[in-house]
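Plus 648 on top of the position in the sequence shown (first one is 1) and you've got the numbering used here.
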Amino acid sequence: MVASSFVGTFVYTILAEVTFEFLGLGDITRSSWGVMLFEAQSGQALLAGGWWWFIPPGFCVALLCAGLTFLNYGIDELANPRLRSEPKPKVERAKKEVLA
649 MVASSFVGTF VYTILAEVTF EFLGLGDITR SSWGVMLFEA QSGQALLAGG
699 WWWFIPPGFC VALLCAGLTF LNYGIDELAN PRLRSEPKPK VERAKKEVLA
């Protein structure tokens, strides 16, 4: 449960950092995905057709957060036995119906 909460908090921390940097509330002298998005927005990269300024950092943030979210689901499923999906044996049920 602690590991699952840690991974979930880590995802929110990444999103908060990227959001603050994008809004210009962070240190714009260091390189980060949020600063790249901020520079793309302030330099009007979308209007100039410079998709390479905002698509790669946005894709990287989305991919990292999605991967960590799937890791969180896996850890949660291991930690909580009620979330485990146990396949129901359909073959046994079919054999009982045929024999009956």
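From the three backbone atoms N, C-alpha and C, an ideal C-beta is built for every residue, glycine too.
Beta-carbon separation (whole angstroms), residue i vs residue j, contact threshold 8 Å
i	j	result
residue 691	residue 668	19 Å between Cβ atoms; not a contact.
residue 705	residue 685	5 Å
residue 723	residue 651	5 Å
residue 663	residue 713	6 Å
CA nearest to the CA of residue i, picked from the options
i	options	result
residue 688	699, 718, 665	699
residue 661	685, 709, 677, 722	709
Closer than 6 Å: residue i CB and nearest the ligand SAH heavy atom
i	result
residue 687	As presented, the structure is devoid of all ligands, the ligand SAH included, so that no description of it is given.
Report yes or no: do the segment 688–704 and the segment 656–663 share at least 3 C-beta pairs separated by less than 8 Å? no
Restricting to runs no shorter than 3 residues, where is the beta strand (DSSP E) found entirely within the segment 655–697? none
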